[in-house]
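Per the working numbering, the very first residue in the sequence shown carries number 98; after that it's consecutive. Just so it is clear, CB atoms sit at the ideal spot from N, CA and C, and this is done for glycine as well. Keep in mind the model is a prediction, meaning the values are calculated, not measured. A quick write-up on the structure given underneath.
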Amino acid sequence: MNAAVWIVGGPALDDRSDLRYSLRSVAANCPSITEAWVIGDVPGWFTGVKMPLPPHPEKFANQRASLTAFVNHPGAP
98 MNAAVWIVGG PALDDRSDLR YSLRSVAANC PSITEAWVIG DVPGWFTGVK
148 MPLPPHPEKF ANQRASLTAF VNHPGAP
């Protein structure tokens, strides 16, 4: 299984249109990617693997917590 991971920050103003565009682009151009993981502030429309996390006030603490959660998750590829 080949997976791609997106780390999503705090609340978005436009329901994550940038994430939607990125997911579509990977689906269209990377057929070997069979699973998508979104970590952090997961939008309600996303249907892949979700790892919602509470946001941290500092951007890099948020990224570090998201990566740590993914790496330590028993089902992570």
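Please go through the same chain and pick out, in chain order, the residues whose beta-carbon is closer than 8 Å to the beta-carbon of residue i, but skip the five residues on each side of it.
i, result
"P128", "none"
"S119", "W103"
Beta-carbon of residue i versus every beta-carbon of chain B: anything under 8 Å?
i, result
"R161", "The structure shown contains no chain B; it holds only a single protein chain."
What separation, rounded to the nearest whole angstrom, lies between the Cα atoms of residue i and residue j?
i, j, result
"V123", "W134", "12 Å"
"D115", "R121", "10 Å"
"I130", "E155", "31 Å"
"F143", "I104", "13 Å"
"L164", "I136", "8 Å"
"F157", "M148", "18 Å"
"N169", "G106", "19 Å"
"P174", "D111", "30 Å"
"G141", "V102", "17 Å"
In or out: residue i buried (at least 16 other Cβ within 10 Å) or exposed?
i, result
"N126", "exposed"
Could you pull out every residue in the same chain whose Cβ sits closer than 7 Å to the Cβ of residue i, ignoring the five residues on either side in sequence?
i, result
"H153", "N159, A162"
"L150", "I136, G137, A162, S163, A166"
Excluding the 5 residues flanking residue i on each side, which residues of the same chain have their C-beta closer than 6 Å to its C-beta?
i, result
"G145", "A133"
Can you check the region 123 to 166 for any alpha helix (DSSP H) of at least 4 residues that lies completely inside it and give the ranges in chain order?
-> The qualifying runs do not exist here; there are none.
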